Every structure is written in C-alpha cells, then in structure tokens.
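Visitor:
Numbering (full-length UniProt numbering), first residue to last: 1 to 253.
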C-alpha cells in the first residue's frame, strides 16, 4: 500500500509545478504588456512627426501640382496634403458626385476633372453640395468649361469605396474618391494618381470648398500608460503570490 506521506509528497510536487508554470505565464504576460507599451511610445513619436510634417506642408507656400515625371514616385508620406496649384480648364460634363457627410450635413463631394495647361488631367474636389441642392447643381454645372486656377491640398486616391460600401461605377454610385475608377468611368486620359481638395473660394454658392478636415487621432500615450499599468498590476500579483508561497514553505510544520 502507498503511504499517506508518499501521496502528500506527490500532491505537493504537482502543486509546485503548477505554480511554477503559472509564474512563467505571468512573467511572459508582463513582458508582452511592457513590449506593447514601448511599441505605443514608438508609434507616438511617429505620429507626432507625421503631424508636424503635414502641418508644415499645409502652411507652406503653394507649389505646382506634380506632373507626369513625378507620378511614379508619388506616395502619401511624401506628398499628401501638399499645398499645390493647378491652372487649366474644367470639364464639367464629367462631374462625379461622391457621397459624403461634412459639418454642413449629408450630401456630395463634387469632383470635376481639370485639364491642366501642362497637358495632363487632375480630379479636383471643388467642394461640397448638400443633398437637397444636387439637382440644382447638376443643371447649372453640367457644361462647365471655364478656365480656372485652383489652389488646394494634394490628396492620394481612395480606392475601393467607403466603410462597408463599395463604389459601383456601373450605377454611378461613389463612396470614395477612387481616381483610377472615376477616370475609367468618365473616359479620361493622362490622369494624375491624386486629386486636389480646392480651397474655399469665398463665394457663397455651391459647391462649397475648403472643408478638408486634417486631423490625426493620437491616443498612443494613453495606450502606452494602459499597457504599462497592466504590466505593473500583473507584476504585483506575481510578487504577491511568490511571497505567499515562500511564507508557506517557511512556516513551521
């Protein structure tokens, strides 16, 4: 027969192994939380640098919009929100209305191709038109061909569509400013791989420009502190358990 002492020794051994395994898992959790906290701090540095660069571009002197020679190297980190200028004439017969919600309510971004004096085409977001003004706008702007100079912010194409809503070129329903898809649907050639958000013109009519919202969510510091706090709490729980186990071992039998 197995003695009670043997059974008790075996149970104690199993309990020690379980506690050791839990301690290892807890230590791993602490390291993971600390790693996530450090990663959030690194993301915060990146985000602050991005905000500074974009702010500098927005308030920099206006420059000519990039031409075909620059298109192959055009990327969001280097070009988005640059303050650019275009001169040419609008092609009002190829207007595209993209569904949007702004501070003025629900309606549409009006994208009109501009044939640049430099020989290429750029989609220009001339501004916003409320839902109730859509029919009126289409009647008054369908034949727009006037020469114009536009200052605005360079934006990178928004392929695919909006949140949970895909662009439907066949039905002429648009939820994002997808330059390639719009150019193909309108039969445009030599189209820049970006669009330009026009500045406010000062006119009281529609479309209303200057509504571009440039904000970047920056909660990385809060996230980092949260991860560090979780690491601290878990470390405290582990230390408490280790201390309790030591007291139990050292207790007189």
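Idealized CB from N, CA, C, for every residue including glycine. Since the model is a prediction, treat every value here as computed from it, not as a measurement.
Beta-carbon within less than 6 angstroms of residue 131's beta-carbon, same chain only, minus the 5 sequence neighbours each way: which residues are those?
Guide: On the chain shown, residue 131 is found 131 positions in, with the first residue counted as 1. Closer than 6 angstroms at the Cβ level, and outside the excluded window around residue 131, lie 106 and 107.
Visitor: For residue 259, which of 22, 103, 77 and 150 has the nearest alpha-carbon?
Guide: In the structure as shown, the chain begins at 1 and stops at 253. Residue 259 is therefore absent and cannot be evaluated.
Visitor: State whether the region 171–179 contacts the region 67–76, with contact taken as three or more CB pairs (one from each stretch) at a distance under 8 angstroms.
Guide: Cβ pair count under 8 angstroms is below three, so no.
Visitor: Going by DSSP, what residue range makes up the alpha helix (DSSP H) through residue 181?
Guide: Taking the chain shown and counting its residues from 1, the one referred to as residue 181 is at position 181. Looking at the DSSP string, the run of the alpha helix (DSSP H) that includes residue 181 is 179–186.
Visitor: Is DSSP giving residue 96 helix, strand or coil here?
Guide: Locating residue 96 in the chain shown gives position 96, where the first residue counts as 1. Strand, per DSSP.
Visitor: When DSSP labels each residue in this structure, what does residue 226 get in the three-state scheme?
Guide: Against the chain shown, residue 226 aligns to sequence position 226. Three-state DSSP puts residue 226 in a helix.
Visitor: With the cut-off set at 8 angstroms, would you say residue 110 and residue 192 are in Cβ contact?
Guide: The count along the chain shown starts at 1 and reaches residue 110 at position 110. The count along the chain shown starts at 1 and reaches residue 192 at position 192. For residue 110 and residue 192, no; Cβs fall outside 8 angstroms.
Visitor: Check whether the Cβ atoms of residue 41 and residue 224 lie closer than 8 angstroms to each other.
Guide: Counting from one through the chain shown, the residue named residue 41 turns up at place 41. Counting from one through the chain shown, the residue named residue 224 turns up at place 224. Yes, the pair counts as a contact, with Cβ atoms nearer than the cut-off.
Visitor: What residue range does the alpha helix (DSSP H) around residue 76 cover?
Guide: Within the chain shown, numbered from 1, the residue matching residue 76 stands at position 76. Where residue 76 is concerned, the enclosing alpha helix (DSSP H) stretches over 76–79.
Visitor: If you drop the 5 nearest sequence neighbours on each side, which residues of the same chain put their C-beta closer than 8 angstroms to that of residue 166?
Guide: The residue labelled residue 166 in the question sits at position 166 within the chain shown. So the qualifying residues of the chain are 160 and 175.
Visitor: Please state whether the Cβ-Cβ distance between residue 233 and residue 26 is less than 8 angstroms.
Guide: What you label residue 233 is simply residue 233 of the chain shown in a count that begins at 1. What you label residue 26 is simply residue 26 of the chain shown in a count that begins at 1. Result no, Cβ atoms of residue 233 and residue 26 do not sit closer than 8 angstroms.
Visitor: What span of residues does the alpha helix (DSSP H) with residue 68 cover, start to end?
Guide: Residue numbering aside, residue 68 sits at position 68 when the chain shown is read from its first letter. Where residue 68 is concerned, the enclosing alpha helix (DSSP H) stretches over 68–71.
Visitor: Thinking C-beta only, is residue 36 closer than 8 angstroms to residue 206?
Guide: Translated into the one-based positions of the chain shown, residue 206 becomes position 206. Translated into the one-based positions of the chain shown, residue 36 becomes position 36. No, Cβ-Cβ distance for residue 206 and residue 36 is not below 8 angstroms.
Visitor: Report yes if the C-beta distance between residue 63 and residue 82 is below 8 angstroms; otherwise report no.
Guide: Locating residue 63 in the chain shown gives position 63, where the first residue counts as 1. Locating residue 82 in the chain shown gives position 82, where the first residue counts as 1. Yes. Within cutoff.
Visitor: Among 38, 30 and 99, whose alpha-carbon lies nearest the alpha-carbon of residue 163?
Guide: Start at 1 with the first residue of the chain shown, and residue 163 comes out as number 163. Comparing Cα positions, the closest option is 99.
Visitor: Straight-line CA distance for residue 195 to residue 60?
Guide: The sequence position of residue 195 within the chain shown is 195, counting from 1. The sequence position of residue 60 within the chain shown is 60, counting from 1. Roughly 18 angstroms separates the two Cα atoms.
Visitor: So the candidates are 30, 137, 104 and 145; which of them puts its Cα closest to the Cα of residue 114?
Guide: For this step, residue 114 is matched to residue 114 along the chain shown. With distances taken between Cα atoms, residue 114 lies closest to 145.
Visitor: Tell me the DSSP bridge mates of residue 147?
Guide: Here residue 147 refers to the residue found at position 147 when the chain shown is read from its first residue. Paired residues: 89.
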